[in-house]
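J.: Offset between the sequence shown (1-based) and my numbering: plus 39.
One structure coming up, written as structure tokens, with questions to follow.
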Amino acid sequence: MATKKELLNRPIQHLDLAQHNVVPLVEAMQHMAYSARDTARAANIYDMMLRDTDCGVILCLAGSLISAGLQKLIVTLVRSNMVDAIVSTGANIVDQDFFEALSFNHYIAGDEYKYGAGDAELRELMIDRIYDTFIDEEELRICDETLHQITNSLQPRPYSSREFIREMGAWLVKNGKTPQAGSKTGGRDSIVLAAYEKNVPIFCPAFSDCSAGFGFVAHQHERQGKPMVSIDSAKDFYELTQLKLANPTTGLLMIGGGVPKNFAQDIVVAADVLGVDASMHKYAIQITVADARDGALSGSTLKEASSWGKVDLTYEQMVYSEATLALPIIAGYAYHKQSASSRKGKQWSQILDKVQETVEV
40 MATKKELLNR PIQHLDLAQH NVVPLVEAMQ HMAYSARDTA RAANIYDMML
90 RDTDCGVILC LAGSLISAGL QKLIVTLVRS NMVDAIVSTG ANIVDQDFFE
140 ALSFNHYIAG DEYKYGAGDA ELRELMIDRI YDTFIDEEEL RICDETLHQI
190 TNSLQPRPYS SREFIREMGA WLVKNGKTPQ AGSKTGGRDS IVLAAYEKNV
240 PIFCPAFSDC SAGFGFVAHQ HERQGKPMVS IDSAKDFYEL TQLKLANPTT
290 GLLMIGGGVP KNFAQDIVVA ADVLGVDASM HKYAIQITVA DARDGALSGS
340 TLKEASSWGK VDLTYEQMVY SEATLALPII AGYAYHKQSA SSRKGKQWSQ
390 ILDKVQETVE V
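Given below as structure tokens:
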């Protein structure tokens, strides 16, 4: 039986968009067929989305993406004004991105572990497995406790996940978990930090379904009978809808499906409920390995979404691919074409802060 140190010895290396110019590859794929041409069309739609400076770009993240090596890519999108808001699963933002911001790593698992061989031994060593990736459960519990401490430091009231994640970014700055702080304290860039500094709101509509949830459980257990911090998912939905009202032209870049996809698409309908005739999302790309046969949202097509009044059909593209293959191509094409060179960040967090101030008054 291998030791824990022997198993956790090859950290995942995050892909750097700047090091890989895929423009010639995408241009060649435009003249091919099947998924190659779909991917090239998606890359061109993302290019169009960014060159349309009226468009607010919403990035949706589902699936285990940061653990797989996509953290630096997403940080680059945020820092390059290629994303204006993020809607994500809690695991990507907390258990994976914030976890790495605390100086921890995800590790490459040997091929023999991919399909479950040795999982009982991993449990004894307190190593958690995400397909072919390992994470140290003892370090993950430090992440849980850090979220518990952040929760305890806040004024007891309901928060949107966006407000809480901003506090996570503030905690990173206050505690020196930034590149400027140097390697002794971690000194890593992260999605949470980049979004905090760039005023890019992050929403996790099912926020308790991650390490933050353990922090909330501990906090609320300690605060029984007293005012406490809670997460208001309706407030998430309301805030996200406010962005559609403030910026009518929107585009979606969706990785995976699930809750992030549904919330981001539904803001068009929510605006209508509020009495505003909002336009459908002008641009939409989805990267997924799911299909439509089971009726689940992750595999539902963007054309189906149009029947609900959510997505315009002019510039939409489904890409049936695993995210670590397709996203670097689509994002890398726009990055190296400098599609966002004329864009300024929408600073949507500032809009939502004003909404919050109005509510509090």
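We treat Cβ as the ideally placed atom computed from N, Cα and C, and that holds for glycine.
Considering only residues of the same chain and omitting the five flanking positions on each side of residue 305, which have a CB-CB separation below 8 angstroms?
T.: Residue mapping note: residue 305 aligns to position 266 of the sequence shown, counting from 1. Excluding residues within five positions, the ones whose Cβ falls inside 8 angstroms are 276, 349.
J.: Measure the CB-CB distance between residue 100 and residue 128 and report whether it falls below 8 angstroms.
T.: Position 61 of the sequence shown, counted from the start, is the residue given in the question as residue 100. Position 89 of the sequence shown, counted from the start, is the residue given in the question as residue 128. A contact, by the Cβ cut-off of 8 angstroms.
J.: Should the stretch 212-220 be regarded as contacting the stretch 114-122, the criterion being three or more beta carbon pairs within less than 8 angstroms?
T.: no
J.: If we ignore side chains and look at the alpha-carbon of each, how far apart do residue 388 and residue 157 end up?
T.: In the sequence shown, residue 388 corresponds to position 349, counting from 1. In the sequence shown, residue 157 corresponds to position 118, counting from 1. Computed Cα separation, rounded: 45 angstroms.
J.: Opposite residue 276 in the DSSP bridges: which residues?
T.: To locate residue 276, count along the sequence shown from 1; it is residue 237. According to DSSP, residue 276 bridges with nothing at all.
J.: Measure from the alpha carbon of residue 179 to the alpha carbon of each residue in 106, 197, 201, 369, then state which is nearest.
T.: As a first step, residue 179 must be located in the sequence shown, where it is residue number 140. Closest option to residue 179, Cα to Cα, is 106.
J.: Please classify residue 197 as buried or exposed, where buried requires at least 16 neighbouring CB atoms within 10 angstroms.
T.: As a working note, residue 197 is residue 158 in the sequence shown. The residue is exposed, with fewer than 16 neighbouring Cβ atoms inside 10 Å.
J.: Between which two residues does the beta strand (DSSP E) containing residue 124 stretch?
T.: Taking the first residue of the sequence shown as 1, we reach residue 124 at position 85. Segment 124-127, the beta strand (DSSP E) holding residue 124.
J.: Taking all protein chains shown into account, do 16 or more other C-beta atoms lie within 10 angstroms of the C-beta of residue 327, making it buried, or fewer, making it exposed?
T.: Here the question's residue 327 lines up with position 288 in the sequence shown. If you draw a 10 Å sphere on the C-beta of residue 327, you find 16 or more other C-beta atoms in it, and that means buried.
J.: Nearest to residue 57 by alpha carbon, out of 249, 112, 239?
T.: Translated into the one-based positions of the sequence shown, residue 57 becomes position 18. Residue nearest to residue 57 within the set 249, 112, 239 is 112 (criterion: CA-CA distance).
J.: When you compare only the Cα positions, how much space is there between residue 206 and residue 310?
T.: Taking the first residue of the sequence shown as 1, we reach residue 206 at position 167. Taking the first residue of the sequence shown as 1, we reach residue 310 at position 271. Those two C-alpha atoms are separated by around 27 angstroms.
J.: According to DSSP, is residue 383 part of a helix, a strand, or is it coil?
T.: Taking the sequence shown and counting its residues from 1, the one referred to as residue 383 is at position 344. It is coil, neither helix nor strand.
J.: For residue 83, count the other beta carbons within 10 Å of its own beta carbon; 16 or more makes it buried, fewer makes it exposed. Which is it?
T.: Counting from 1 along the sequence shown, the entry for residue 83 is found at position 44. Residue 83 is buried by the Cβ-count criterion.
J.: Count the other CB atoms within 10 Å of the CB of residue 11; is the residue buried (16 or more) or exposed (fewer)?
T.: The structure shown does not extend to residue 11, since the chain spans only 40 to 400, so no value can be given for it.
J.: So the beta strand (DSSP E) residue 342 belongs to, where does it begin and stop?
T.: If you number the sequence shown from 1, residue 342 lands on position 303. Segment 341-346 is the alpha helix (DSSP H) holding residue 342; no beta strand (DSSP E) there.
J.: Please report the residue range of the alpha helix (DSSP H) in which residue 160 lies.
T.: On the sequence shown, residue 160 is found 121 positions in, with the first residue counted as 1. It spans 158-163 - the alpha helix (DSSP H) in which residue 160 sits, taken as one unbroken run.
J.: Express the C-alpha separation of residue 185 and residue 294 in angstroms, rounding to a whole number.
T.: Along the sequence shown, one-based indexing puts residue 294 at 255. Along the sequence shown, one-based indexing puts residue 185 at 146. For residue 294 and residue 185, the distance between alpha carbons rounds to 28 angstroms.
J.: Cα-Cα, which of 333, 171, 317 is closest to residue 151?
T.: The sequence position of residue 151 within the sequence shown is 112, counting from 1. Here the closest residue by C-alpha is 171.
J.: Below 8 angstroms on the Cβ atoms is my contact criterion, and I expect residue 335 with residue 344 to pass it. Report the Cβ-Cβ distance as a whole number of Å.
T.: Along the sequence shown, one-based indexing puts residue 335 at 296. Along the sequence shown, one-based indexing puts residue 344 at 305. 13 angstroms between Cβ atoms; not a contact.
J.: What three-state label does DSSP hand residue 237 in the structure shown?
T.: Counted from its first residue, the sequence shown places residue 237 at position 198. Per DSSP, reduced to three states, the secondary structure at residue 237 is helical.
J.: Tell me the DSSP secondary structure of residue 393 in three-state form.
T.: By one-based count along the sequence shown, residue 393 stands at place 354. Correct three-state label for residue 393: helix.
J.: If you draw a straight line from the alpha carbon of residue 266 to that of residue 282, how long is it in whole angstroms?
T.: As a position in the sequence shown, residue 266 is number 227, starting the count at 1. As a position in the sequence shown, residue 282 is number 243, starting the count at 1. For residue 266 and residue 282, the distance between alpha carbons rounds to 30 angstroms.
J.: Going by beta carbon distance, what residues of the same chain come within less than 6 angstroms of residue 385, once the five residues before and after it are set aside?
T.: Numbered from 1 along the sequence shown, position 346 holds the residue referred to as residue 385. Hits under 6 angstroms: 95, 123.
J.: CA-CA distance, residue 402 and residue 228?
T.: Any property of residue 402 remains undetermined from this structure, which presents the chain solely from 40 to 400.
J.: State buried or exposed for residue 263, treating a residue as buried only when at least 16 other CB atoms are found within 10 Å of its CB.
T.: In the sequence shown, the residue the question calls residue 263 occupies position 224. Result: exposed.
J.: When you compare the CB positions of residue 131 and residue 104, do they come within less than 8 angstroms of one another, or not?
T.: For the purposes of this step, residue 131 is taken as the residue at position 92 of the sequence shown. For the purposes of this step, residue 104 is taken as the residue at position 65 of the sequence shown. Taking 8 angstroms as the Cβ cut-off, residue 131 and residue 104 qualify as a contacting pair.
J.: Rounded C-beta distance between residue 137 and residue 175? I'm assuming under 8 angstroms.
T.: Within the sequence shown, numbered from 1, the residue matching residue 137 stands at position 98. Within the sequence shown, numbered from 1, the residue matching residue 175 stands at position 136. So it is not a contact: roughly 15 angstroms between Cβ atoms.
J.: Using the rule of at least 16 other Cβ atoms within 10 Å of the residue's Cβ for burial, across every protein chain shown, is residue 40 buried or exposed?
T.: As a first step, residue 40 is located in the sequence shown; it is residue number 1 there, counting from the start. The residue in question, residue 40, is exposed, as its Cβ has fewer than 16 Cβ neighbours within 10 Å.
J.: Can you tell me which of the three DSSP states residue 261 falls into?
T.: As a first step, residue 261 is located in the sequence shown; it is residue number 222 there, counting from the start. In the structure shown, residue 261 sits in a helix (DSSP, three-state: H, G or I).
J.: Using the DSSP secondary-structure output, state which residues sit across from residue 357 in a beta bridge.
T.: Within the sequence shown, the letter at position 318 stands for residue 357. Residue pairing from DSSP places residue 357 in a beta bridge opposite 325.
J.: So what's residue 48 in DSSP terms, helix, strand or just coil?
T.: Within the sequence shown, the letter at position 9 stands for residue 48. Coil.
J.: Check whether the Cβ atoms of residue 140 and residue 232 sit closer than 8 angstroms, and answer yes or no.
T.: In the sequence shown, the residue the question calls residue 140 occupies position 101. In the sequence shown, the residue the question calls residue 232 occupies position 193. Cβ distance < 8 angstroms, so residue 140 and residue 232 count as in contact.
J.: Pick out whichever of 183, 352, 354, 239 has its Cα sitting closest to the Cα of residue 208.
T.: In the sequence shown, residue 208 corresponds to position 169, counting from 1. Residue 239 is the option with its Cα nearest to residue 208.
J.: Hey, out of 69, 183, 162, whose CA is closest to residue 173's CA?
T.: For the purposes of this step, residue 173 is taken as the residue at position 134 of the sequence shown. Residue 162 is the option with its Cα nearest to residue 173.
J.: Using 10 angstroms around the beta-carbon of residue 372, count the other beta-carbons present and answer buried if the total reaches 16, otherwise exposed.
T.: Sequence index remark: in the sequence shown, residue 372 carries index 333 (1-based). Looking at its Cβ environment, which holds 16 or more other Cβ atoms inside 10 Å, residue 372 is buried.
J.: Which residue or residues does DSSP assign as beta-bridge partners of residue 289?
T.: As a first step, residue 289 is located in the sequence shown; it is residue number 250 there, counting from the start. Note: residue 289 sits in a beta bridge opposite 95.
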